[in-house]
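Written below as structure tokens is the structure these notes are about.
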């Protein structure tokens, strides 16, 4: 038997799924061609009375657009049009909301991606640098003592093993370690291959010691958070929700989901207390944390730990949102939960960064990781 085969385990898993079958009652809605879609858009929405009229001049564009874009995904924006006396809107008005959502999605996809890389890099560095158990540092993730619940350890490790098995033919590093390293995968090889959700699961499962070390390295060593000494326990607990919120928004963006005029129920973030005090003055409450504004605040709280160039990119994004608000009569900031003080809350450079030593930012966890990798001389 091949030695690699001895490393492969088989597990029978019960999987739930929907039994798909034709509709015997023929109750499914009719598939609509363009002419019928045009008539449907022109019908008034119940709550607002909004109706979208496709003029002759827009018809060619609308026909092409609705061929390239699923009507089911697009039609919701008709219901998101503002409530006003004149209830007639052009097709371009509806497109404006659709494109604003695309603008938000594309940018948040980028920034949540930056956060994913930051979190993956930081957890590799923190665990491998601080692990002093009986295993090799690269095997630290296999030591059940670093997790808060040893009962979940086996299932958790099996899930990672399943993930690596799925990737054996797709990932060069995994293939290399299967063929040449007897399926002994260092943590720094494992983590880049995991999804964002799988990585956050590792962090959530860490015991208090290692989770606190990670928070201290990523958040509390940053001058912005360091200056709030009384907030340390709050940051340790709230940061988990910020990561979950970031993960969820990344998933929504990756699947081309809607962000505009929508509340979320997954990965709901906690407000950072100093920010909560401020937004309360503008009518927001602690429980108003399911709109896009709350999720963007969570993303910003993590991006603060990134470098100055990322701060600049984020602030450019925030300024562009402001410009779109100012030049549009269709986009409503309240539909994404933005209070009057939204820009002051979301902009990063307003955070007291003038006192921060730039070298400290650029020599943060990402550079520490590079030094760590050089020290151990990783070679695929």
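In my numbering, the protein residues as written are 5 to 384.
All C-beta atoms, glycine included, are put in the ideal place defined by N, C-alpha and C.
The structure displayed is predicted, hence computed values, not measured ones.
Asked: Cβ shell of residue 178 (< 8 Å), same chain only, five flanking positions each side left out; Found: 168, 171, 172, 189, 193, 197
Asked: Check whether residue 273 and residue 246 have beta carbons under 7 Å apart; Found: yes
Asked: Residue 245, enclosing alpha helix (DSSP H) - first and last residue; Found: 236-258
Asked: Cβ-based neighbour list, residue 12, same chain, cut-off 8 Å, excluding 5 preceding and 5 following; Found: 169
Asked: Boundaries (first-last residue) of the beta strand (DSSP E) holding residue 57; Found: 55-57
Asked: Counted within 10 angstroms of its Cβ, other Cβ atoms place residue 119 as buried (16 or more) or exposed; Found: buried
Asked: C-alpha distance - residue 60 paired with residue 297, whole-angstrom precision; Found: 38 Å
Asked: Residue 133 versus residue 33: straight-line alpha-carbon distance, rounded; Found: 58 Å
Asked: Alpha-carbon to alpha-carbon, residue 184 and residue 108; Found: 44 Å
Asked: Enclosing alpha helix (DSSP H) for residue 321 [first to last residue]; Found: 312-331
Asked: Contact test: residue 339 Cβ vs the ligand ZN heavy atom, cutoff 6 Å; Found: The ligand ZN is not among the ligands present in this structure, which contains no ligands whatsoever.
Asked: Rounded separation between residue 324 and residue 341 - CA only; Found: 17 Å
Asked: Pair within 7 Å by beta-carbon distance, residue 222 and residue 309; Found: yes
Asked: Top-ranked residue by Cα proximity to residue 175, from 195, 157, 160; Found: 195
Asked: Same chain only: Cβ atoms within 7 Å of residue 139, ignoring 5 sequence neighbours per side; Found: 146, 147
Asked: Residue 76 burial status per 10 Å Cβ neighbour count (16 or more: buried); Found: exposed
Asked: Whole-angstrom C-beta distance between residue 85 and residue 335, which should lie under 8 Å; Found: The Cβ separation is near 10 Å, so there is no contact.
Asked: Residue(s) in a DSSP beta bridge with residue 92; Found: 55
Asked: C-beta contact flag for residue 214 and residue 127 at 7 Å; Found: no
Asked: Cα-Cα separation between residue 202 and residue 88, rounded to whole angstroms; Found: 45 Å
Asked: Cβ shell of residue 363 (< 6 Å), same chain only, five flanking positions each side left out; Found: For residue 363, the pLDDT reaches just 41, beneath the cut-off of 50, and the residue's location in the model is therefore unreliable, leaving the point undetermined.
Asked: Residue interval of the alpha helix (DSSP H) (run including residue 281); Found: 277-284
Asked: CA nearest to the CA of residue 283, picked from 155, 349, 142; Found: 349
Asked: Sheet register partners of residue 210 (DSSP bridge); Found: 151
Asked: Euclidean distance between Cα positions of residue 90 and residue 346; Found: 28 Å
Asked: Proximity below 7 Å, CB of residue 54 to CB of residue 93; Found: yes
Asked: Rounded straight-line distance, which links the Cα of residue 117 to that of residue 154; Found: 31 Å
Asked: Collapsed DSSP secondary structure at residue 186 in the structure displayed; Found: coil
Asked: Burial state of residue 207, where buried means 16 or more other Cβ atoms lie within 10 Å; Found: buried
Asked: Counted within 10 angstroms of its Cβ, other Cβ atoms place residue 276 as buried (16 or more) or exposed; Found: buried
Asked: Whether residue 294 touches residue 268 by CB criterion (7 Å); Found: yes
Asked: Backbone secondary structure at residue 34 - three-state DSSP; Found: coil
Asked: Where residue 232 falls: helix, strand or coil (DSSP); Found: coil
Asked: For residue 308, three-class secondary structure by DSSP; Found: coil
Asked: Exposure label - residue 97; buried when at least 16 CB within 10 Å; Found: buried
Asked: Contacts around residue 315, its chain only, beta-carbon distance under 6 Å, and the 5 residues preceding and following it disregarded; Found: 352
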